[in-house]
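Undergrad: Once you've had a glance at the structure underneath, I'll fire off some questions.
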Amino acid sequence: MVTQWNNPRIAMKEKIYTLLNFLTKTLTMELGDRLLSISLYGSTVTEEIKNVQDVDLFIILKAPISIQELKTIKVTLEQCKEKFTDKETLIKYLAREGPFKIPPIKKYNIALHITIFDLHGIQRVCLQESSLCKSFMSKISVLYGSKPTDIGGKTEVTKHDVLNNALTIPFLKNLIINSILWHDIDVQSEILFGIIEYAVLSSVINALLSTGHTPGSKEECVSMFIQQFKDFIFKQYPKEIYDEKMNQKSLKDKHKVNDHIKKSLAFLTALLKYMEGYNGDNNK
Amino acid sequence: METIINRIMYAIKSSLKNEIHSIYFIKRDDLSFCTLHNAKIFQFFIIINENVDIESLRLLSKNLLKTREELKREGREVDFIYGEDTLSFYTHLADKADAISGITLWCRDVINHLLLSSDYAIMLKNLSYHGELLFGNRIISEWKIPRINPWHCVFSFYDSLTRYTTYLYELYINRDIEREYPLFNCCGLASVLQSIKNILLIKNVYVQEPNEIYKKFCEYFPNYDEKNTLRHLIRTTKSQITRSKRVYERSLFLLNHLTEYLLSGWCYAGR
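Chains as they are written, first to last, in the working numbering: chain A, 84 to 367; chain B, 1163 to 1433.
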């Protein structure tokens, strides 16, 4: 895939959409009316393009999904990898609920993060699971078929969800704690930073949703958090981590990442306490 | 196996010292029934201070690696996995471990929330009943956890039918079914057995052993109409797993069928 663009962000965007075009076309042709939706969410939709770019996709099919259908999806992903990998472009894919982070190896690094659902699977995500998923749903680009919420349903976010369920604040604190055991900071500092960024920004989305705010981009999310949580002691921290992620300079510096582990844990501990006592008018 | 458990326990205690509130231990014989190399599976759940010093976590990571190396020199392969997802244990067994130990850290301030969570309810119910408190205070006890209902079994984030189904789909995409058929068979079998075991919690019935799980399920849910397929699948746990996709395929079928069964409300017509 030879790019004609000098601006790396524009070039990356072009690469991603060419790949997505191929993926969508192939899957719609192969799966026919068994395919209910291909939807893009996350930082690609909000145009926060970096040299390591997560491309998050929901692929939803009618239940039950057969082995042949899974094979079609797998073959298509392999074709994407083969067709779009070149000297300066790395393509990795993984099917997984939860974060998928890759380190920067080439000039352009695309992490194709797929979640495959049948009808009941998407109901789980839409109806109850996490406020985080509900936030994804609010900024979604449908590449084929219906919006996931039109298939799976929609519910409101409650304070109970934000404080107790999977993929919300307590879960995200545990995620960082357990990641310290998983990933050796000496060799995987970038992956650790990716997890910290995911945990901090996701907890901010959770907190904002429970106060009735739905942020679009991550940039909007961090500035909205400063405005809405004026009396929260660590309100500036999400912006700090967002800025560092966007300029990508210090991610290999293990001392800085170590510092972020400490700060992110202090942030999540304090946010959990703050939200426990939150009654909607803490700032008044 | 006792030596391995004691050595891991020592690594945990000597690294985390006074950061620990409680250590729960659970033998997962229900997951070890058909493992690739007759490996044993167990899990440690460690509840630690809310403001834990990350240096002690790093020390724990180092000491666990050290323990692993020592055991390896003695001819025993132990693998560690961190976090709550049980089916991911099998992907580690492909590396020919003799034992897999899950290590999960939970901060004290997080526990009160987990106890109220619908997503963690099944996991905590099983832990409170089958788990052993090795150290500290009994922070997790059965009466603090909500009663399990069909909704938990279908839709919760951990240990539910829809979650296991998604996991099996992901496995197909990420791994090679032609080359890693035992892995697919183990994951398929385990997800069905775990689901049945969890559905029995609706009736407040706790079982671990595969045949017992099947027997109790037939007793408490007599109107479930795919009992034969289920029996065939469970029989596989006793036999050599063959080179076929049938177990994986049957498991997907049963997970879907059980989901429909619970959603239809028929499960309430049982005993």
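Backbone N, C-alpha and C fix where the C-beta goes; we use that ideal spot for every residue, glycine too.
1) On the DSSP bridge list, what partners appear for residue 224(A)?
2) My understanding is that residue 261(A) touches residue 1193(B), with C-beta atoms under 8 Å, so please give their C-beta distance in whole angstroms.
3) Is the stretch 340-354 of chain A touching the stretch 279-296 of chain A in the sense that three or more CB pairs, one from each, lie closer than 8 Å?
4) Does the stretch 186-193 of chain A touch the stretch 166-178 of chain A, meaning 3 or more C-beta pairs lie closer than 8 Å?
5) Helix, strand or coil for residue 1293(B), going by three-state DSSP, please let me know.
6) Report yes or no: is there a C-beta of chain A within less than 8 Å of the C-beta of residue 1181(B)?
7) Helix or strand or just coil, what does DSSP make of residue 367(A)?
8) State the DSSP-derived secondary structure class of residue 1263(B), mapped to helix, strand or coil.
9) For residue 1271(B), I'd like the list of residues in its chain whose CB is within less than 8 Å of its CB, leaving aside the five on either flank, ordered along the chain.
10) Spell out whether any CB of chain B is found under 8 Å from the CB atom of residue 137(A).
11) Do you know whose CA, among 111(A), 112(A), 106(A) and 203(A), lies nearest residue 1424(B)'s CA?
12) Fully enclosed by the stretch 101-169 of chain A, which alpha helix (DSSP H) runs are 4 residues long or longer?
13) Nearest CA to the CA of residue 1277(B): which residue from 113(A), 315(A) and 253(A)?
14) Pairs of beta-carbons, one from the stretch 1176-1192 of chain B and one from the stretch 228-236 of chain A, closer than 8 Å: are there three or more?
15) Are the Cβ atoms of residue 1332(B) and residue 199(A) separated by less than 8 Å?
16) Please determine if the stretch 131-140 of chain A and the stretch 238-245 of chain A are in contact, where contact requires at least 3 C-beta pairs separated by less than 8 Å.
17) So for residue 235(A), helix, strand or coil by DSSP?
18) Between 1166(B), 1251(B), 1280(B) and 1410(B), which lies nearest to residue 1235(B) when the distance is taken from Cα to Cα?
19) Cβ atoms of residue 1358(B) and residue 1148(B): under 8 Å apart, would you say?
20) By the three-class DSSP mapping on this structure, what secondary structure does residue 1370(B) have?
21) Strictly under 8 Å for the Cβ-Cβ distance: is residue 180(A) near chain B by that measure?
22) Looking at chain A, is there any beta carbon in it that lies within less than 8 Å of the beta carbon of residue 1178(B)?
TA: So, from the data block:
1) The count along the first sequence starts at 1 and reaches residue 224(A) at position 141. Its beta-bridge partners are 123(A).
2) If you number the first sequence from 1, residue 261(A) lands on position 178. If you number the second sequence from 1, residue 1193(B) lands on position 31. Between residue 1193(B) and residue 261(A) the Cβ distance is about 19 Å, and since that is not below 8 Å, they are no contact.
3) yes
4) yes
5) Residue numbering aside, residue 1293(B) sits at position 131 when the second sequence is read from its first letter. DSSP places residue 1293(B) in coil when its eight states are reduced to three.
6) Taking the first residue of the second sequence as position 1, residue 1181(B) is located at position 19. Residue 1181(B) does not count as touching chain A.
7) Position 284 of the first sequence holds residue 367(A). Its pLDDT being 44, under 50, residue 367(A) is placed unreliably in this model, and the value from its coordinates should be taken loosely. Three-state DSSP puts residue 367(A) in coil, outside helix and strand.
8) Taking the first residue of the second sequence as position 1, residue 1263(B) is located at position 101. DSSP places residue 1263(B) in strand when its eight states are reduced to three.
9) Here residue 1271(B) refers to the residue found at position 109 when the second sequence is read from its first residue. Hits under 8 Å: 1212.
10) Here residue 137(A) is taken as the residue at index 54 of the first sequence, counted from 1. It does not: the Cβ of residue 137(A) has no partner Cβ on chain B nearer than 8 Å.
11) As a working note, residue 1424(B) is residue 262 in the second sequence. Among 111(A), 112(A), 106(A) and 203(A), the Cα nearest to that of residue 1424(B) belongs to 203(A).
12) 150-167
13) Against the second sequence, residue 1277(B) aligns to sequence position 115. Nearest C-alpha to residue 1277(B): 253(A).
14) no
15) Counting from one through the second sequence, the residue named residue 1332(B) turns up at place 170. Counting from one through the first sequence, the residue named residue 199(A) turns up at place 116. It is a contact, given that the beta carbons lie within the stated cut-off.
16) no
17) Taking the first residue of the first sequence as position 1, residue 235(A) is located at position 152. Of the three classes helix, strand and coil, the one that applies to residue 235(A) here is helix, per DSSP.
18) The residue given as residue 1235(B) occupies position 73 in the second sequence. The shortest C-alpha separation from residue 1235(B) is found at 1166(B).
19) Nothing about residue 1148(B) can be reported from this structure: the residues present for chain B run from 1163 to 1433 only.
20) The residue labelled residue 1370(B) in the question sits at position 208 within the second sequence. Note: residue 1370(B) maps to coil in three-state DSSP.
21) Translated into the one-based positions of the first sequence, residue 180(A) becomes position 97. So yes, residue 180(A) belongs to the interface.
22) Residue numbering aside, residue 1178(B) sits at position 16 when the second sequence is read from its first letter. Answer no: the Cβ-Cβ gap between residue 1178(B) and chain A never drops below 8 Å.
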